Amino acid sequence: MKEQNPPVCDYEGSDYQTSFWEEGGRAYEDKAEEIALKRLLPKSGKLLLEIGAGAGRNTPRYVGYERIVLLDYSRTQLQQAQERLGENERYIYVAADAYRLPFVDGLFGGATMIRTLHHMKDAPAVLQQVRRVLQPASKFLLEYANKLNLKAILRYLLRRQDWSPFTPEQVEFVELNFDFHPKTIRKWLKEKDFKLERQLTLSHFRIDILKRLFPTSFLAWLDSLAQLTGDWWQLSPSVFTISEAIGDTEIASEGAFFQCPQCSHAPLQEEPEMLICPNCEAKYAIRNGIYDFREPL
Ligand SMILES: C[S@@+](CC[C@H](N)C(=O)[O-])C[C@H]1O[C@@H](n2cnc3c(N)ncnc32)[C@H](O)[C@@H]1O
0 MKEQNPPVCD YEGSDYQTSF WEEGGRAYED KAEEIALKRL LPKSGKLLLE
50 IGAGAGRNTP RYVGYERIVL LDYSRTQLQQ AQERLGENER YIYVAADAYR
100 LPFVDGLFGG ATMIRTLHHM KDAPAVLQQV RRVLQPASKF LLEYANKLNL
150 KAILRYLLRR QDWSPFTPEQ VEFVELNFDF HPKTIRKWLK EKDFKLERQL
200 TLSHFRIDIL KRLFPTSFLA WLDSLAQLTG DWWQLSPSVF TISEAIGDTE
250 IASEGAFFQC PQCSHAPLQE EPEMLICPNC EAKYAIRNGI YDFREPL
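Numbering of the sequence shown is given in numbering that gives the first Met the number 0, commencing with residue 0 and proceeding in unit increments.
Here is the structure:
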């Protein structure tokens with residue numbers, strides 16, 4: 000029987016890219032992420048997996064990679080990404096659940112996951128999937144929402160917040176939105192065979208009055224300096240980490256790519272409008288340039 004995955008925070012039909020980023024006054028946070036990505040990502044690579052790619056806000060920043068798989072649970076987010084990024088053979092669009100990645104083991108030379116772990120009720124299960132599809136010695140860039148941030152500490156000390164930012168468990172502040180403790184993230188990365196290499200703290204100045212008073216470029220510049228303290232302490236709302244996949248795991252054989260998310264069989268048989276699993280006979284649609292693994296046809 001098919002195992003039940005944890006619930007998914009569904010962005011189907013959401014205008015997240017426009018309402019949160021383009022009209023939501025978040026130019027400073029976006030710039031801070033651009034700086035951190037430049038600092039942490041390898042300068043070149045073959046195949047990158049972007050988990051929870053959304054509308055592809057960060058995708059153009061992965062300049063050194065030959066091909067990028069944009070994976071998201073939401074088909075409409077991927078359609079928006081297609082519109083934003085235009086026709087480009089470098090991009091492969093995959094609708095799937097991060098708890099059940101539809102790729103063979105050891106396929107990717109790198110992965111990123113930005114503003115997505117905070118929707119994961121079972122984060123270690125997703126980290127295990129990411130490690131499975133990565134080649135040994137490849138890099139994994141993970142962003143997480145930090146419960147141990149200064150605002151949360153202050154609110155807790157002033158008794159305006161009932162959960163403690165100091166304890167290791169994740170906090171679900173809104174349904175399917177989680178903040179994590181940095182120590183817990185480090186523990187999980189280690190358990191899942193990732194060697195943490197560097198941490199950058201981001202968005203130190205995510206305060207409305209500061210954003211109104213100072214130009215975005217100035218705040219981003221200040222943040223770029225503060226980011227560098229990330230290996231010493233993590234007290235900002237967002238943390239970027241880069242880790243290396245360790246262990247003597249396999250590299251996918253030439254030409255292998257998708258595997259069945261239901262029964263893990265590979266290879267899948269490719270027809271013009273669908274992929275078929277010869278083992279369990281599940282069929283997955285290919286519609287308008289999106290491989291759709293959410294559920295079989
Ligand atoms: C907050 S958005 C971030 C999008 C993008 N990374 C960015 O920073 O602009 C989170 C994304 O994660 C996706 N997501 C949430 N749960 C998922 C899951 N279980 N599997 C795959 N994608 C998921 C959502 O559909 C959404 O597009």
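Yeah, the Cβ is synthetic: ideal placement off N, Cα and C, and Gly gets one too. Bear in mind the structure is a predicted one, so any value in this text is a computation, not a measurement.
Where the alpha helix (DSSP H) through residue i begins and ends
i: residue 81; result: 74 to 84
i: residue 156; result: 149 to 156
DSSP-derived helix/strand/coil call for residue i
i: residue 208; result: helix
i: residue 98; result: helix
i: residue 294; result: coil
i: residue 42; result: coil
i: residue 89; result: coil
i: residue 244; result: strand
i: residue 66; result: strand
i: residue 177; result: strand
Own chain partners of residue i with C-beta closer than 7 Å, once the 5 adjacent residues on each side are dropped
i: residue 35; result: 199, 201, 226, 239
Start and end residues, beta strand (DSSP E) containing residue i
i: residue 275; result: 273 to 275
i: residue 144; result: 133 to 144
i: residue 283; result: 282 to 286
i: residue 107; result: 107 to 112
i: residue 200; result: 193 to 201
Length of the line joining the Cα atoms of residue i and residue j
i: residue 131; j: residue 102; result: 9 Å
i: residue 192; j: residue 212; result: 44 Å
i: residue 71; j: residue 98; result: 11 Å
i: residue 285; j: residue 253; result: 22 Å
i: residue 17; j: residue 144; result: 21 Å
i: residue 245; j: residue 128; result: 14 Å
i: residue 109; j: residue 207; result: 35 Å
Ligand 1 heavy atom lying under 7 Å from the CB of residue i
i: residue 76; result: yes
i: residue 201; result: no
i: residue 173; result: no
i: residue 116; result: no
i: residue 262; result: no
Any non-hydrogen atom of ligand 3 closer than 7 Å to residue i Cβ
i: residue 63; result: This structure simply doesn't include ligand 3; it includes ligand 1 instead.
Close Cβ partners of residue i (< 6 Å) along its chain, the five nearest in sequence each way excluded
i: residue 218; result: 27, 204
i: residue 24; result: none
i: residue 123; result: 187
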